[in-house]
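Colleague: The structure under discussion is supplied below as C-alpha cells; questions concerning it will follow.
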Amino acid sequence: MRRTGSGHAALAALALWLVAVPAWASIEFYQTADRTEVGTEDVFQLTVVVVDPPDNAQVQTPSPEDFEVLSSSQSTQRSIEMSGGGPPVIQTVRKHVLLMRANRPGSLTIPPAVLTAGGRTWRTEPVKMTARRGHVEPPRPQAGRQPPDPFRNFPAPLGGMQDPFADNEDAEPDDRRQQEDVRIPRGDSDLFLRATIDKKQVYVGEQVTLSLYIYSRVDLSSVDAVTMPKLEGFWSEDVESPTQLTGEQRVVNGIPYRTYLLRRRALFPVKSGTLAVTAAEADITTGFLFAGHRVHRVSNALDVEVKPLPPGGPKGMSSAQVGQWDLSLEVSQTRVELGQPVTVKVILEGAGNVKNVTPPRLEAPPALKVYDPTTTDKVVPDKWRIQGRRVQEYLVMAQRTGTFSLPPLEFPYFDPRTGRYEVARTEPVELTVEPGAGGVSSAPVVPSPTHVTDAAAEQKNVLTANGLRPLRYQARFEEPAAAVWQRPFFVPVVLSPLGLLFALGLVGLVRGRLSNPDELSRNRQRAKAARKRLAEAEKLREGSSSAFYGEVEKAVLNFLEARLHAPVGGLTRDALDAKLSEAGVDAERRQRVRFVLEACDTGRFAPGAEAAARERILDDAAAVMEGWDK
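In terms of mature numbering (1 follows the signal peptide of the UniProt record, and there is no 0), the sequence shown is residues -25 to -1, 1 to 605.
Okay, structure coming up:
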C-alpha cells in the first residue's frame, strides 16, 4: 500500500498553522483614570494602555465634549521575560496619557477608546466620572483591587535607572510650591499669565515677594507691554526686571510649560487687614517674523492677609522697623584739633525696607556742634529679598577743647522670623579735642583762580616793539649842537631839586595831619577796606566753596581785630561773643557776627550743607562791617 504522507509533512503543516494565528489573539486594551471624583478646577489623568499591539495598530483616544483635553503624550516600552528552559517572552506595552479637566459639574462619562488593526476593532469600557464645582481633594490610596499593572512582570531597572513613568520626587520645594499656586485657565491653557506671592500671611512691614510669570507651550517672540497690579497699601521696590525672555521648564498638574519671569517686586504692607493685589496685564507676541500673532493676557488677582504687630513694642514704632537689622557707628578720628571737623557715620544695614527706614539720630554734648546729615542708600537685592544699608553722615565741630562722649544709639525693630521685638545698639565713642596750632588765620591761603589764570596766560619770550637791532652801527654826520646852558631845559633842571624839596615838605605836612584822624574817620576807612576785601571774595563766588568762604571769614575777622584792637582768630564763638559784649556791641550785631562765621564754617566743611546763597553771605558780611557805628 502506498503512503500518501509523512511525519515531517505534518509537523510543517502545524508550524504553518501556528504562524497563521493572528497577532491580535494576545492583545490587551483598556483605559483607566487616576480618580473618578474631580472638581471643575482639577486636572486628572486618563491612561489608555495597549499590550502587544500589532505594527499597524491605530489608537483613537476619547475626545468628549464634557471634558477639556489639556495635553496628550504617548510612550512605548518593551520587556523580555526569561522562563526556565523555555524561549524568551517579549512583551510590548504602548501608553497614551491624557491630562483632562471637566467642563461642567455632574455625572459625566468618558467614552471608550478605539483600537483598529487588521480589519478588526476593539473598544475599551467607558469611564464614569463625578464632577463637582471648584476643587476636590484627591482621595487617599486604599488597599483593595487595583487595575492590572502592565509592567508588573518587568525586571527591576538596571544600574539604578529611574522609571520614566514615575512621578519626579526630586523636584525642588520651590517648584512644588509654585505648582500649588498655579491654576490653568480655561481657553488659554497654551499661553497664560500668572502672579504668585511667596507668603499669603505676613505682619505689617514684612516683605512679600510678588512674581509675574508667563506660562507658555508655544513659541514667544516678544512682550510688548506690561501693566503691573495696583498696590494700594504697599510700599514696593523692584527686585528683578529681566530685559530678555529667558525660559525654564516647569510642570503644572503634569503638563510641561515654559515659564518666563516678567517682573519681581518686593511689597511691604503699611497697614493691617486683607490687602488686594489687582490683576496684571501684558501684550504678548507669539511665533516669529511674519507669522507672529499678538495676544492680550490678564493674570489672576491675589489677596494678602496682613497681621498687626503684636503688643509690647516701643511707642511710635513704624512699619519700616520690621526685618533683621544691625546698627554700627564709624568715626573718622577720635583725637582732633580744635577747629577741625570730625565725620561720624551712623550705619543701619540688614534685610527689610531699606529705603524707608530711618536710623536713630546722632546725639552729642553741647560742646560739639552737629550739622544736618547727608543720607546714602545701597540696596543689594538677591533673587527674592531686599537687603542693603542706609548711612547717615554727620559733620561734628568741637566748640572747645576737652574729652567728650558720643552716647550709644539704639534701634528697636520687630523680627518676623522669631515674632519678637529686638534692639540693635552701638557702643559709646570718646572724642578728644586738643588745642590747635593756630586759629583760622593759620589756614593756608588759597590763591585766587583769576590770578592763577592770568599767570598761566602770560606770554613768554616776546620781542620788543622795535625788534632786533642791526649787527653794525651806521654813523650819521651832523653839525655841532648848542651848549647845554644855552638849551631851554637847562633852567628847569637846575631848579627842580628845590621844587622837589618843597613838594616833599608839603606831603609830610599833609600826612602828619591825616595820621591822627578822629574815630569816625577811622571807622569809615575800615569799612572801605572791608568792602575791598569782600570785593575780592565776590570774584571767588563762582569758584570753590573753601576759597570763597575762607576769604569772607578773613575779611570779617580782620575787621573785628581792627575794631577791638586785639587778635580774634584763635577765639571760639563763645569767647568772641564775650569780647564783643565787653566792647559794648549790641546783642543783635553779635548774633549777626556769629551767623556769618558759622555760615562760613558750614560752607567750608559740611559736604552738601551750603544751603544759603553766597550772595546773602556777602550782604550779611558787608552789613556787619559797614553798619558799625559804635
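Yeah, the Cβ is synthetic: ideal placement off N, Cα and C, and Gly gets one too.
1) For M600, which three-state DSSP category applies?
2) Any heavy atom of the ligand GTP inside 7 angstroms of the beta-carbon of F570?
3) In this structure, what does DSSP give as the bridge partners for V102?
4) Do L593 and A522 have their C-beta atoms closer together than 8 angstroms?
5) Taking C-alpha atoms, which residue in L195, L21, R564 lies nearest to G229?
6) Is it true that the CB of I172 sits closer than 8 angstroms to the CB of T234?
7) In angstroms with no decimal places, state the Cα-to-Cα distance between R400 and V177.
8) Does DSSP put L323 in a helix, a strand or coil?
9) If we call anything under 8 angstroms between Cβ atoms a contact, is V255 one with P204?
10) For the alpha helix (DSSP H) containing A541, list its first residue and its last residue.
11) Could you tell me the alpha carbon to alpha carbon distance between G94 and I85, rounded to whole angstroms?
12) Taking only the alpha-carbon atoms, compute the straight-line gap between K246 and G208 and give it to the nearest angstrom.
13) Which residue spans inside the region 236 to 271 form an unbroken beta strand (DSSP E) run of at least 3?
14) How is the alpha helix (DSSP H) around E573 delimited, first residue to last?
15) Using a Cβ-Cβ cut-off of 7 angstroms (strictly less than) and excluding sequence neighbours within five positions of W210, which residues of its own chain qualify?
16) If you check the beta carbons only, do Q35 and A106 fall under 8 angstroms apart?
17) So L370 and F580 are in contact, right, with Cβ under 8 angstroms, and what is the actual spacing, rounded?
18) Run the CB neighbour count on A597, radius 10 Å, all protein chains shown included, and call it buried at 16 or more, exposed below.
19) Contact check, F389 vs Y396 under 8 angstroms by CB: the rounded distance?
20) Let's test the definition: count the other Cβ atoms within 10 Å of the Cβ of A92 and tell me whether it reaches 16, buried, or not, exposed.
21) In terms of alpha-carbon separation, which member of P335, V311, G314 lies closest to V321?
22) In whole angstroms, what separates the C-alpha of P316 from that of D576?
23) If we ignore side chains and look at the alpha-carbon of each, how far apart do A547 and R375 end up?
24) Which residue marks the beginning of the beta strand (DSSP E) containing E385, and which one marks its end?
25) Where DSSP assigns a beta bridge to G377, which residues make up the other side?
26) Given a cut-off of 8 angstroms on the beta-carbon distance, is the pair D352 and R360 in contact?
27) Is P403 near S380, with beta carbons less than 8 angstroms apart?
28) Mind checking whether T11 and M104 have CB atoms under 8 angstroms apart?
29) Just to confirm my understanding: we take T67, look at its own chain, exclude 5 residues before and 5 after, and list those with CB closer than 8 angstroms. What are they?
30) Only counting the same chain, and skipping five residues up and downstream in sequence, which positions put a Cβ closer than 7 angstroms to that of P113?
31) Given a threshold of 16 other Cβ atoms within 10 Å of its Cβ, counted over all protein chains shown, does K529 qualify as buried or as exposed?
32) Is it buried or exposed, F477, if we count other Cβ atoms within 10 angstroms and call 16 or more buried?
33) Roughly how far, in whole angstroms, is the beta-carbon of L195 from the beta-carbon of A170, given that I think they are within contact range, below 8 angstroms?
34) Compare the Cα-Cα distances from D222 to each of E590, V193, E557 and report the closest residue.
35) Just reading off the alpha helix (DSSP H) that S556 is part of, what are its end residues?
36) Give me the Cβ distance between L539 and A558, rounded to the nearest whole Å; I'm assuming they're in contact under 8 angstroms.
Modeller: In brief:
1) helix
2) By its list of ligands, the structure shown contains no ligand whatsoever, and the ligand GTP lies outside what it can speak to.
3) Note: V102 sits in a beta bridge opposite I85.
4) Cβ atoms of L593 and A522: not closer than 8 angstroms.
5) The candidate whose alpha carbon is nearest that of G229 is L21.
6) no
7) 26 angstroms
8) strand
9) Here residue 255 is Ala; the residue named in the question, Val, does not match the sequence. It is a contact, given that the beta carbons lie within the stated cut-off.
10) Careful: A541 lies outside any alpha helix (DSSP H) and carries neither H nor E.
11) Their Cα atoms are separated by approximately 25 angstroms.
12) 6 angstroms
13) As far as the region 236 to 271 is concerned, its whole beta strand (DSSP E) runs of at least 3 residues are 248 to 252, 256 to 261.
14) 562 to 580
15) F243, V245, N328, N331
16) no
17) 6 angstroms
18) buried
19) 5 angstroms
20) buried
21) P335
22) 10 angstroms
23) The residue you asked about is not Ala; residue 547 is Thr in the sequence shown. When rounded, the distance between both Cα atoms is 7 angstroms.
24) 385 to 390
25) For G377, which the question treats as bridged, DSSP gives the partners V408.
26) no
27) Yes; because the gap between Cβ atoms is below 8 angstroms, this pair is in contact.
28) yes
29) V26, D27, P28, T51, Q52, R53
30) R10
31) buried
32) exposed
33) Not a contact, Cβ separation roughly 18 angstroms.
34) The sequence given here places Gly at residue 222; Asp does not occur at that position. If you compare the alpha carbons of E590, V193, E557 with that of G222, the shortest gap goes to V193.
35) 548 to 557
36) 6 angstroms
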